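Residue 1 is where the sequence shown starts when you use UniProt numbering, and the numbers rise one by one after that. Glycine included, every Cβ here is placed at the ideal spot set by N, Cα and C. Since the model is a prediction, treat every value here as computed from it, not as a measurement. Contents: one structure, followed by commentary.
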Amino acid sequence: MEIWAVTNGRMGIPELVDVLLLVEPAIDAFILRETTKTDKEIVEAIRRLKEAGCDEEKIIVHNRPDIAVMTGIRRVQIPGYGLPLGQLKLQYPSLLFGRSVHSLAEAEMAYTHGADWLLYGHLFQTASKQGNVPRGTDELFRMVQAIPIPIYAIGGIRPEHLPLLEKSDLAGIALMSAIFSESTAEEAVAPYRDQLFRGKVESTWRK
């Protein structure tokens, strides 16, 4: 199961780049969700990451395929309110697109329109979604069984949730508050990695 990070737009570019470089070895990808940044700032962040040796295959641009093409990034995460996937796939055939979804019906539509992966949430109570009822895992598990592309979950996921999530064919989890609200992002990822490793060891032992 992969671990993705989703940035929260609260850091300046130098700090953001430093944190992402620090946490990169422990994560499989990160979505640059910097909605308050200018285009120039986002391009600058990607430039700094690449020049520092960051694996560019781990970088996913949020909602800006034009910036992805300009900076040589292959993956783009489109929010639920974003442009139609079919149109984007035609206009940017070299890119891979994920769609954020909030229901099985939305997921099925996104798959039909060519999504390469899906991001579903929010699963559990989280500070970034105060007042919104969590969706839980029932629909997520139905989605994973029904749709044959990678599906990732986001929203209030803690290390103790991983044994439940690993029972499905979920491709991975995405973390925002759990990483970027902590004093040290690198330390925040460690309990998730430890839990996943523990699950693999226990699975091998039972065989």
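Please check the pair L123 and L140, which I expect to be a contact at CB under 8 Å, by giving their CB distance rounded to whole angstroms.
7 Å
Across which residues does DSSP place Y120 in a beta bridge pair?
V101 and A153
Residues of its chain near G82, where Cβ-Cβ distance is below 7 Å and the 5 sequence neighbours each way are ignored
N63
Between which residues of its own chain and E202 is the CB-CB distance below 8 Å, once the five residues before and five after are set aside?
With a pLDDT of only 44 at E202, under 50, the local geometry of the prediction cannot be trusted, and no value is derived from it.
Counted within 10 angstroms of its Cβ, other Cβ atoms place K167 as buried (16 or more) or exposed
exposed
Does the Cβ of A29 have 16 or more other Cβ atoms within 10 Å, making it buried, or fewer, making it exposed?
buried
Residue from K37, D18, R158 and A153 whose Cα sits closest to the Cα of S100:
A153
Once you ignore the five residues that flank D55 on each side, which residues in its own chain have a CB closer than 8 Å to its CB?
E24
Please say whether G114 and L85 have beta carbons closer to each other than 8 Å?
yes
Burial state of T126, where buried means 16 or more other Cβ atoms lie within 10 Å
buried
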